[in-house]
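Student: Sequence positions in the sequence shown follow the working numbering and run 240 to 390.
Glycine included, every Cβ here is placed at the ideal spot set by N, Cα and C.
Dropping a structure here in structure tokens format, bear with me for questions.
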Amino acid sequence: MVRGVKLFGILAVSILFITGCGGEKTLTCTNSEEDSGIKMKQEITMTFKDDKVSYVKMSIDNEATDDTIIDNWDMFVSMLDSQFEETDKDGVRLKTNNNADKHIYNVSLEINVEKASEDALSEYGLDGIADANATYEDTKKDAEADGFTCK
Numbered sequence: 240m241v242r243g244v245k246l247f248g249i250l251a252v253s254i255l256f257i258t259g260c261g262g263e264k265t266l267t268c269t270n271s272e273e274d275s276g277i278k279m280k281q282e283i284t285m286t287f288k289d290d291k292v293s294y295v296k297m298s299i300d301n302e303a304t305d306d307t308i309i310d311n312w313d314m315f316v317s318m319l320d321s322q323f324e325e326t327d328k329d330g331v332r333l334k335t336n337n338n339a340d341k342h343i344y345n346v347s348l349e350i351n352v353e354k355a356s357e358d359a360l361s362e363y364g365l366d367g368i369a370d371a372n373a374t375y376e377d378t379k380k381d382a383e384a385d386g387f388t389c390k
């Protein structure tokens, strides 16, 4: 699904602009949009430690709102399963959950930046995340410019 790839791309760009201002700080950004019979809710939580991002958690709920997608739910899930292979290695954990009764497919990506290898980060287009130089406020502004609401 192109939207999933786009979403991970947005995460990658946002993360490349991340560092905090000392101590530990958390930024949570959410977004919801509906297109082509799918309502997508996204939540990204970033933890900053010692002026750098140390942890990222991203959750995406894809909910079918159109009868065509609901009627073809198994095919939709199969397509998403092929794009989002579950993993838990090298500081990167990707999990999926199919709630067939409510027609909601969740993708959850967690990254422990301090433990993640460059190869693992590269697999998700997040090369260089540990070396990012933008401020917490820059990250928040960029995310809000992309349609997210941040706290």
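Quick check: the Cα distance between Tyr363 and Asp310, rounded to an integer number of angstroms?
Tutor: Reading the sequence shown from its first residue, position 124 is the one you call residue 363. Reading the sequence shown from its first residue, position 71 is the one you call residue 310. Straight-line Cα distance between these residues: approximately 31 Å.
Student: Could you please give me the residues that DSSP links to Ser356 through a beta bridge?
Tutor: Taking the first residue of the sequence shown as position 1, residue 356 is located at position 117. Looking at the DSSP assignment, Ser356 forms no beta bridge with any residue, so it has no partner.
Student: Roughly how many angstroms lie between the CA atoms of Ser348 and Thr267, to the nearest whole one?
Tutor: Taking the first residue of the sequence shown as position 1, residue 348 is located at position 109. Taking the first residue of the sequence shown as position 1, residue 267 is located at position 28. Residue identity differs from the one stated: residue 348 is Leu in this sequence, not Ser. Near 14 Å, if we compare the C-alpha coordinates of Thr267 and Leu348.
Student: In the DSSP assignment, find the unbroken alpha helix (DSSP H) run with Asp327 in it and report its ends.
Tutor: For this step, residue 327 is matched to residue 88 along the sequence shown. Counting along the chain, Asp327 falls outside any alpha helix (DSSP H), though it belongs to the beta strand (DSSP E) covering Thr326 to Lys328.
Student: Report the option in Glu272, Glu263 and Val292 whose CA atom is closest to the CA atom of Glu353.
Tutor: The residue labelled residue 353 in the question sits at position 114 within the sequence shown. Of the candidates Glu272, Glu263 and Val292, the one whose C-alpha sits nearest the C-alpha of Glu353 is Val292.
Student: Using a 10 Å radius around the Cβ and a threshold of 16 neighbouring Cβ atoms, would you call Met314 buried or exposed?
Tutor: For the purposes of this step, residue 314 is taken as residue 75 along the sequence shown, with counting starting at 1. Exposed is the call here.
Student: Is DSSP giving Tyr375 helix, strand or coil here?
Tutor: Position 136 of the sequence shown, counting from 1, holds the residue named residue 375. Tyr375 falls in the helix class under three-state DSSP.
Student: Applying the 10 Å Cβ sphere with the 16-neighbour rule, what's the burial state of Asn301?
Tutor: Here the question's residue 301 lines up with position 62 in the sequence shown. Result: buried.
Student: DSSP beta-bridge partners for Glu282?
Tutor: Here residue 282 refers to the residue found at position 43 when the sequence shown is read from its first residue. Answer by DSSP bridge pairing, in chain order: Thr269 and Ser298.
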